[in-house]
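Participant:
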Amino acid sequence: MNLKFILSIVFGIVFCSGLWGCNGADQQIKTSVEPDVAQTKITQAPITIGASYTFPSKIMGENREINVWLPPKYNESVTQKFPVLYVIDGGTAQDFHHISGLAQLGSISAMYEDLIVVGIKTQNRLNELAHPASDPRYIHPAPRVGKSQFFSEYVRTEVLPFIGNTYRVSDRRVIVGESLAGLFITEMFLKHPDSFTDYIAISPSLWWDDKNLAKLAPELIAKHSDAARKLYLTMGDEGGTMQGGLDLVMAAINADTPKGLDWKYADRGKSAKHSTIYHGASLDALLFMFGIPVPDYGPDPWYLVEGGQPEDDEK
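FYI, in this note's numbering the residues of the sequence shown are 1099 to 1413.
1) In or out: Y1297 buried (at least 16 other Cβ within 10 Å) or exposed?
2) On a Cα-Cα basis, can you pick out the residue from S1232, V1403, Y1151 and L1331 that is closest to I1383?
3) As an exercise, report each continuous alpha helix (DSSP H) stretch of at least 4 residues that is fully enclosed by the region 1247–1326, in chain order.
4) Roughly how many angstroms separate the alpha carbons of T1295 and Q1407, rounded to a whole number?
5) Taking 8 Å as the threshold (C-beta atoms), are I1164 and F1153 in contact?
6) Using only alpha-carbon positions, find the residue among P1169, S1155 and D1233 that is nearest to D1308.
7) Going by the beta-carbon positions, is the gap between F1287 and M1158 smaller than 8 Å?
8) Return the chain-ordered list of same chain residues with a C-beta closer than 8 Å to the C-beta of R1235, the five sequence neighbours on each side being excluded.
9) Output the distance between the C-alpha atoms of G1396 and I1375, rounded to the nearest integer angstrom.
10) In the DSSP assignment, what are the bridge partners of S1150?
11) For P1169 and S1207, which I take to be in contact (beta-carbon distance under 8 Å), what is that distance rounded to the nearest angstrom?
12) For the candidate residues R1327, A1191 and A1379, whose alpha-carbon lies nearest to that of G1358?
13) Can you give me the C-alpha to C-alpha distance between W1400 and H1195, rounded to a whole angstrom?
14) When you compare each of V1185, G1217, V1216 and P1356 to I1283 by their alpha carbons, which one comes out closest?
15) Could you have a look at A1364 and say whether DSSP puts it in helix, strand or coil?
Here it is in structure tokens:
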């Protein structure tokens, strides 16, 4: 065979496959750099983080909103029961999302126990969360407010049984709230201590009714049982009658502490304002309520030590 002919064939094969590609090879290259457009089409789907219930309340005489977040492990078992964190002012436009976010943080970081979050929406906060006023200075400007006894009954006799019958819940019930919700939670702790196992009151508005609830704290604390429960209190830089009211409550607890009460006060007077205290204080409170001991991971690895060197078996 002619040598020139053979060389031309070899050169053609090399040129075709190595530089430009021919037929099937060319198609293969195009497929690798130009993937099917259908595979890269942008799609959209809603993010579902929980369930929202329209709750017909006989106590409140109207429909009410309850929002529920479940930990990821909830659906991994049909028998495991979970503690519940009830959030006052728990509407989706209130504090439900950022508190359920802290619960999710605990689930992925193993900082504290997995828990269910139940947001209880409020509609008229001063009416629903404040107790009836006795001081005329508070009655005349707002004669229709101060009906916390009805909201308390709604929570205790309607919301708690509904959640208990709908979800796998343990006996641990914790309630959290800030400002007026903190006032409500303080009232619940003092007047209905057995309704929840644990209480978190953040910057409670104990100024209401000239600190009247706080002034009643000694006689109310004296009626408490010795049941095991936890209480977390904190205050920012509000000062004045807010801090004064909380000081009265804490003095009553210190003077006659129920045997089963484990409580903590976190002074945030130099680090938080009324508008900034809630989220960070809630994280601290959840660690106090549900914290899991940090495991011992042993000595720091070499790369966390200045000038550290890997061991021979790590190279």
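Here a beta-carbon is modelled for each residue, glycine too, at the ideal position from N, C-alpha and C.
Facilitator: To lay it out plainly:
1) buried
2) The sequence given here has Ala at residue 1383, not Ile. Closest option to A1383, Cα to Cα, is L1331.
3) 1258–1264, 1278–1289, 1306–1313 and 1315–1319
4) 50 Å
5) yes
6) D1233
7) no
8) D1308
9) 35 Å
10) N1165
11) Incorrect: roughly 12 Å between the Cβ atoms, too far for contact.
12) R1327
13) 40 Å
14) V1185
15) strand
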